[in-house]
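Residue 1 is where the sequence shown starts when you use UniProt numbering, and the numbers rise one by one after that. Positions of the beta carbon are idealized from the N, C-alpha and C atoms, including for glycine. Because the structure is a prediction, the values reported are computed rather than measured. Below is one structure, written out as structure tokens; the observations come after it.
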Amino acid sequence: MPALDDSQVQISIPVNDASLPSTIIQPTDETLQRHHSSQRHSGRNTRISMDLSSKGTLSFRNISYVIGRRQMNNGCKKWYPFFIKSKSKKQIIDDVSGIFTSGMNAIMGPTGCGKSSLLDILAYRKDHDGLSGQVFIDGYPPPSSYKYTVGYVVQDDIISGALTVRENLMFSANVRLSDDVSNNERKERVTKVIHDLGLEACADTKIGTEFLRGVSGGERKRTCIGMELVLSPKILFLDEPTTGLDASTARNVMECLRELSKSGRTIIFSIHQPRYSIFKLFDSLLLMCKGKSIYHGPALAVLPYFNTQGYSCELHDNPADFALDVLIDASRQSDNIEKLNKAYRKSQIYENIGSLLKKQVHEDRLEKLHHKEQEVASRSLFTEIAYVSQRTLKNTIRNPELFLSQVLVAIILAVLVGLVFNNMEKTIDPGVHDRLGAIFFIVVSQIFSTITALEPLIKERALFIHENISGYYRTTTYFIAKLICDVLPMRVIPSIIFSLIGYFMTGLQRSVGQFFVFLLTIFMASIFGSAICFFISATIHTFGKFIFNV
1 MPALDDSQVQ ISIPVNDASL PSTIIQPTDE TLQRHHSSQR HSGRNTRISM DLSSKGTLSF
61 RNISYVIGRR QMNNGCKKWY PFFIKSKSKK QIIDDVSGIF TSGMNAIMGP TGCGKSSLLD
121 ILAYRKDHDG LSGQVFIDGY PPPSSYKYTV GYVVQDDIIS GALTVRENLM FSANVRLSDD
181 VSNNERKERV TKVIHDLGLE ACADTKIGTE FLRGVSGGER KRTCIGMELV LSPKILFLDE
241 PTTGLDASTA RNVMECLREL SKSGRTIIFS IHQPRYSIFK LFDSLLLMCK GKSIYHGPAL
301 AVLPYFNTQG YSCELHDNPA DFALDVLIDA SRQSDNIEKL NKAYRKSQIY ENIGSLLKKQ
361 VHEDRLEKLH HKEQEVASRS LFTEIAYVSQ RTLKNTIRNP ELFLSQVLVA IILAVLVGLV
421 FNNMEKTIDP GVHDRLGAIF FIVVSQIFST ITALEPLIKE RALFIHENIS GYYRTTTYFI
481 AKLICDVLPM RVIPSIIFSL IGYFMTGLQR SVGQFFVFLL TIFMASIFGS AICFFISATI
541 HTFGKFIFNV
């Protein structure tokens, strides 16, 4: 594969404008009025629906993203926390611009090229620190609730395994759709999503966990897509939707997305190395390498484009494999990446995209329009708690292993305490010391017995983070629902069992008042241990890492 010469930097490839992502036009006053009515709102919990009459064209200009901290002087390092490492800056995205219209829009590149980071930036899921550039929807800045009105499917299939396909979709509809949407309308929307994704055969089948057999990998992925489709988003983001799927299942998922795009949706996804049967489904393609854009245009025009730069694809070779080979080969030398990026910036395709971007409206025109807001009332905190509690309770009931283990641990510890401190003497010298030792052992054992709840909390952390970022519910909602339907029942019943066995075997005072004081002490010790587990699960990514660091 020949390297790129300096003489090959200037390229002019004949491309029809209609084949480009080409519907960024100067917005009309009516379009601006619709946007401005939603742009003025800034409330976190109010969901503003994206105008369904919009084209869903997403354009972005001069996107750059830098991570890491600046090098600190010796004075700063002295007071910097020892457990946080300082990092030098790293350029993740470097001045990337482009346009995605309705259809299949792919982002490809080698591992670590910035595909997922760009996807997160376009979906407004990245922190603003180190981020620069502009994102536009149909030619104007997105509303404040933008990231709650688009769909985002993460790479890992994050979904509640104890619930059925239909129950998961209904949960998404209940917590994300406004009160204006009736219960019958939600059910109809869920039924339509099930039909569109071909999930009728498994609609009432549980997703599955490590202990419970459920749906297949493709059905699980399509259910994750359906969780976002209940919003009827005009723009749908997917982070490597074919990861972990076999070739046939991956093709079925992508063909399903292709059918969804025909209804006018803008499907934007990152993908690593698709087979040709998947590649030919793409409408537009953005190639990236080391954070730089190498090509952005029609997917089927990528081979003629690289031919103009001296790279020829062998007969019957997969264009996706060929493009990745070019990028991987060029990434071994930074000069080649710079030449490819410079060549792209001097191509006719880049000029066409640049001219389309210049037609976008300026922000000062938006400020001149004043119209009534189009708001969709958000759900109240109590309504969210009701739906999240309902799901939490179902998870607890359908996964009895954790509850049974807690009861078993309580019985074993109570019997051990009763045998060791059986019928303690009521004397000053040995009796007092025995009681102090018994109470200390009981309280400590109750605190440490809650460690069995740590692993499920860590596993559920990814689900909470995804749903919270996507606007399913507030953080307060999750905590209260978890406390009411999971933590309290898991602590109350084992505490009662432990007290009934251990209290009377140890020979403590047999009075109703003293017994309930003992029970309350045991219960509060368990709650304290659960609080520690919550804290650990928020800071540790895996249970194995926690055990290793103990």
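If you check the CB distance, Leu-303 and Cys-313 come in under 7 Å. Scanning the segment 400-456 for uninterrupted alpha helix (DSSP H) segments of 4 residues or longer gives 400-420 and 429-449, listed from N- to C-terminal end. Rounded to whole angstroms, the separation of the alpha carbons of Ala-538 and Ile-93 is 29 Å. By alpha-carbon distance to Pro-233, the top candidate from Thr-149, Ala-410 and Ile-527 is Thr-149. Note on Pro-400: under 16 other CB atoms within 10 angstroms of its CB, so exposed under the neighbour-count rule. Runs of the alpha helix (DSSP H) spanning 4 or more residues and lying entirely within the segment 296-347 occur at 302-307, 319-331 and 334-345, in chain order. Proximity of the segment 238-255 to the segment 206-215 falls short of the contact definition, fewer than three beta-carbon pairs being nearer than 8 Å. Per DSSP, the continuous beta strand (DSSP E) segment holding Gly-133 begins and ends at 131-137.
The C-beta of Leu-212 has fewer than 16 other C-beta atoms within 10 Å across all chains shown, which makes the residue exposed. Residue range 381-398 is occupied by the alpha helix (DSSP H) that includes Ile-385, with no beta strand (DSSP E) assigned at that position. Under the DSSP definition of a beta bridge, Ile-235 partners with Thr-266. Per DSSP, the unbroken beta strand (DSSP E) holding Val-96 starts and ends at 90-100.
Thr-539 sits in a helix when the DSSP states are folded into three classes.
When the five nearest sequence neighbours on each side are left out, the beta carbons in the same chain lying within less than 8 Å of the beta carbon of Gly-264 are those of Lys-55, Gly-56, Ser-102 and Lys-234, in order along the chain. Look at Lys-292 here: in three-state DSSP terms it is strand. Straight-line measurement puts the Cα of Pro-489 at about 56 Å from the Cα of Ser-331. Between the alpha carbons of Tyr-472 and Ala-414 lies a distance of about 41 Å.
Annotation for Val-150: no beta strand (DSSP E) segment contains it, and DSSP assigns it neither H nor E. With distances taken between CA atoms, Leu-454 lies nearest to Gly-529 out of Gly-529, Ala-438, Gly-354 and Asn-336. By the criterion of at least three beta-carbon pairs nearer than 8 Å, the segment 407-425 is in contact with the segment 502-515.
The beta carbons of Phe-269 and Ala-106 sit about 6 Å from each other, so the pair counts as a contact at 8 Å. If you compare the alpha carbons of Pro-430, Gly-291, Lys-394 and Glu-351 with that of Val-96, the shortest gap goes to Gly-291. Per the coordinates, the alpha-carbon of Thr-392 lies some 24 Å from the alpha-carbon of Gly-217. Under a 10 Å Cβ-count criterion, Asn-62 is classified as exposed, with fewer than 16 other Cβ atoms of the shown protein chains found around its own Cβ. Closest in alpha carbon position to Asp-179, among Val-492, Phe-382, Val-512 and Leu-408, is Phe-382.
Inclusion of Tyr-295 and Leu-287 in the CB contact set at 7 Å is warranted, their separation being smaller than that value. Closest in C-alpha terms to Met-227, from the list Tyr-152, Thr-476, Ala-162 and Ser-284, comes Tyr-152. Remark: C-beta atoms of Arg-186 and Leu-177 approach each other more closely than 7 Å.
Among the bridge pairs identified by DSSP, Arg-61 is matched with Gln-134.
With a contact defined as Cβ atoms closer than 8 Å, Arg-474 and Glu-384 qualify at about 7 Å. Exposed is the label assigned to Asn-184, since fewer than 16 other Cβ atoms lie within 10 Å of its Cβ. Uninterrupted alpha helix (DSSP H) stretches at least 4 residues long and entirely within the segment 189-225 do not occur. Just measuring C-alpha positions, the residue of Phe-448, Asp-120 and Gly-244 sitting nearest Phe-523 is Phe-448.
Rounded to the nearest angstrom, the gap between the Cα atoms of Lys-115 and Ile-99 is 15 Å. Looking only at Asp-129, Tyr-344, Met-170 and Cys-256, the smallest Cα-Cα distance to Thr-191 is reached by Met-170.
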